[in-house]
Amino acid sequence: MIDHLVYVTHDLAATTALLEVALHVTFSDVGRHLNRGTMNRLLRIGPNTYLELLAADPSADPNLQPRWMGTDGLPVTTSGRLTRWAWAVTDGAILTGEDGQPITNQPFEAGSRTRADGSTLHWKLTDPGATPLISPQPFLIDWLGGSTPAHNLPDQGVVLQRLAVSGPNVSNLATLGGSAGLSFHNSSTANLTATLIGPQGQRVILT
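Sequential numbering from 400 applies to the sequence shown in this note's numbering.
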């Protein structure tokens, strides 16, 4: 299932405020990836799915570059882009595409994030990469049997209605199409487009 979407922005506070007004919700407090040089705020968008707003952390070690998820590749003229999406697995399972081959050859590696309350969240994931800016291939994430951020975030009535994935040969990912609203379109250009529905029926499109 879709675990989360990653929206990279230059200004975490401004993007958070914009979406909070548009959707009539409140994002989580700021969390930090201390070994990645990024910070985030989260919003539940389904029973098992959340939206992650991600930005460079100005308080982090400047040597932690390039930052993951396309953070450093966001053009200065672009306020934000949907750059990555994650697919949840258990026990480090590797998924296969329509061609019978693994959808990623990346090994799993350990990850962690310091929560706003000072506690640490642990997981393992396949490397989402620092480049390109937008990756139509999902990275895989395993929460090691623990609760996921989506389970711990309040349900504010926001739902991911649709995720459209475009890029070279993404039709090979159709084996993942069991998730409602997930579609794939072969294209020479990579793009991710998410449609969110708010608690009062508001429609917000992130791309």
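All residues carry an ideal CB built from backbone N, CA and C; glycine is no exception. Small disclaimer: the values here were computed from a predicted structure and weren't measured.
- Judged by their CB atoms, L595 and V564 are not nearer to each other than the 8 Å cut-off.
- For the region 467-492, the full-length beta strand (DSSP E) segments reaching 3 residues or more read 479-487 along the chain.
- Apart from the 5 residues on each side of it in sequence, A509 sits with its Cβ closer than 6 Å to the Cβ of K523 in its chain, given in chain order.
- As the crow flies, the alpha-carbon of L591 is around 21 Å from that of M438.
- If the five residues before and after L494 are omitted, its C-beta is found closer than 6 Å to the C-beta atoms of I502, all from its own chain and listed in chain order.
- Rounded to the nearest whole angstrom, the CA to CA distance from L520 to W486 is 18 Å.
- T470 places its beta carbon 8 Å or farther from that of D402.
- Scanning its chain for C-beta atoms nearer than 8 Å, with the 5 sequence neighbours on each side dropped, one finds around L552 the residues S427, L441, L442, R443, Y449, in chain order.
- Annotation: L543 is outside any beta strand (DSSP E) and is labelled neither H nor E by DSSP.
- The closest CA to that of L539, considering only A589, G491, L481, A413, is found on G491.
- Taking 4 residues as the minimum length, the alpha helix (DSSP H) runs contained wholly in the region 519-570 are 548-551, in order along the chain.
- Distance between Q555 and G445, taken at the CA atoms: about 9 Å.
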